[in-house]
Amino acid sequence: NAGVMQNPRHLVRRRGQEARLRCSPMKGHSHVYWYRQLPEEGLKFMVYLQKENIIDESGMPKERFSAEFPKEGPSILRIQQVVRGDSAAYFCASSPPEGGTQYFGPGTRLLVL
Amino acid sequence: AQSVTQPDIHITVSEGASLELRCNYSYGATPYLFWYVQSPGQGLQLLLKYFSGDTLVQGIKGFEAEFKRSQSSFNLRKPSVHWSDAAEYFCAVGALQAAGNKLTFGGGTRVLVKP
Numbered sequence: 010n011a012g013v014m015q016n017p018r019h020l021v022r023r024r025g026q027e028a029r030l031r032c033s034p035m036k037g038h039s040h041v042y043w044y045r046q047l048p049e050e051g052l053k054f055m056v057y058l059q060k061e062n063i064i065d066e067s068g069m070p071k072e073r074f075s076a077e078f079p080k081e082g083p084s085i086l087r088i089q090q091v092v093r094g095d096s097a098a099y100f101c102a103s104s105p106p107e108g109g110t111q112y113f114g115p116g117t118r119l120l121v122l
Numbered sequence: 165a166q167s168v169t170q171p172d173i174h175i176t177v178s179e180g181a182s183l184e185l186r187c188n189y190s191y192g193a194t195p196y197l198f199w200y201v202q203s204p205g206q207g208l209q210l211l212l213k214y215f216s217g218d219t220l221v222q223g224i225k226g227f228e229a230e231f232k233r234s235q236s237s238f239n240l241r242k243p244s245v246h247w248s249d250a251a252e253y254f255c256a257v258g259a260l261q262a263a264g265n266k267l268t269f270g271g272g273t274r275v276l277v278k279p
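The listed protein sequences correspond, in order, to chains A and B.
Note that my numbering has the first sequence beginning at 10, numbered continuously upward.
Note that my numbering has the second sequence beginning at 165, numbered continuously upward.
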C-alpha cells in the first residue's frame with residue numbers, strides 16, 4: 010500500500026510565478042490536509058479537504074492561496090504570485106473516512122527566488 | 165484554542181543514554197496525541213499515538229510516551245538512544261477521533277546524538 014505521495018519534491022519559483030503542489034492520499038483515504046512548515050518552525054495547519062469539498066480553510070492565507078481535491082486526481086495546493094515568504098516545506102497528510110491518524114507525505118520544498 | 169509546547173528546542177544525548185522529550189498541551193476536550201519524527205529533508209513518520217486507555221503507549225523504534233492528564237503532558241522516552249535517532253521530534257494534538265481533526269504541532273525538539 011503506497012503511502013501519501015507528493016510532487017514535486019522540490020520546486021523553485023521566481024517571485025510572481027505560480028506554484029502548484031500535488032498530493033495523492035493513501036489508498037482508501039478520503040480526507041486530505043495541507044500543512045506548512047516555515048524554516049526552523051513546526052507545522053501549521055492550512056486546509057482540510059474531502060473530495061470536491063473544502064471543509065476547513067481556517068489556516069489558509071486569505072490571498073493567493075487556494076486548494077482543491079477533485080473527484081478524480083490528486084489534491085492541489087496552488088500559490089499564485091509567489092513571494093519570498095512563501096518559501097517553506099508544504100506537507101500533505103491523509104486519513105481514512107472515519108477520521109483518526111493522519112499519515113504524512115514527504116513534502117514539497119518550495120524555494121522562491 | 166489548542167496549543168502544544170515543546171520546551172526544549174535542542175537536546176544533545178550520548179549514544180546509549182536515555183532520552184526524554186517534553187510535551188505539554190492545552191486542549192478543551194479529550195485530546196488525541198501524537199509524536200512524529202522528521203529526519204532532515206524528509207517527511208513526518210508517526211512514532212506513536214494516544215487515543216484512550218492505558219496511559220503508557222508503546223511506539224516504533226523503541227519509543228514510548230506517557231499521557232498524564234493532571235499535568236497536561238505527553239512526554240516521549242527511549243531507554244537507550246541510537247545514532248539513527250538523531251532527528252527532529254514533533255508532538256501534536258487533535259480532536260479525539262473526529263473526522264477533520266486538524267492537528268496542532270509543537271515547535272519541535274531537535275535531537276543530536278553524540279558518539
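C-beta atoms are modelled at their ideal positions from N, C-alpha and C, and glycine is treated no differently.
Taking 8 Å as the CB threshold, L208 of chain B lines the interface with chain A.
S244 of chain B sits in coil when the DSSP states are folded into three classes, being neither helix nor strand. Contact residues of the stretch 45 to 71 of chain A toward chain B are E50, G51, L52, F54, Y57, I64, D65 (C-beta to C-beta distance below 7 Å).
Beta bridge pairing from DSSP links Y253 of chain B with B:V201, B:T273.
Per the DSSP secondary-structure output, E72 of chain A pairs with nothing in a beta bridge. Of all residues in the stretch 212 to 230 of chain B, those with a C-beta nearer than 8 Å to a C-beta of chain A are K213, reading in chain order. Shortest Cα-Cα distance from V245 of chain B to any of B:D172, B:Q206, B:T176, B:T169 involves B:T176.
In this chain, the beta strand (DSSP E) harbouring Q209 of chain B covers 208 to 214. Under the three-state reduction of DSSP output, Q166 of chain B falls in the coil class, being neither helix nor strand. Around F269 of chain B, the beta-carbon contacts reaching into chain A at under 7 Å are G51, L52. For I175 of chain B, the pairing in a beta bridge is given by DSSP as B:V275.
Not a single C-beta of chain B is nearer than 8 Å to the C-beta of Y99 of chain A. Proximity of the stretch 229 to 244 of chain B to the stretch 99 to 113 of chain A falls short of the contact definition, fewer than three beta-carbon pairs being nearer than 8 Å. Burial of R45 of chain A is indicated by the presence of at least 16 other C-beta atoms within 10 angstroms of its C-beta. Counting C-beta pairs closer than 8 Å gives fewer than three between the stretch 263 to 278 of chain B and the stretch 209 to 227 of chain B, which falls short of the contact rule. In the structure shown, K232 of chain B adopts extended strand secondary structure according to DSSP, grouped into three states.
For the pair I88 of chain A and D95 of chain A, the CB atoms are nearer than the 8 Å cut-off.
For K232 of chain B, no CB of chain A lies under 8 Å from its own CB, so it is not counted at the interface with that chain. Judged by DSSP in its simplified three-state form, G82 of chain A adopts coil rather than helix or strand. Excluding sequence positions up to five before and after A259 of chain B, its CB lies within less than 7 Å of the CB of A193, Y196, N265, all in the same chain and listed in chain order. Put simply, the backbone Cα of V21 of chain A is about 16 Å away from that of L47 of chain A.
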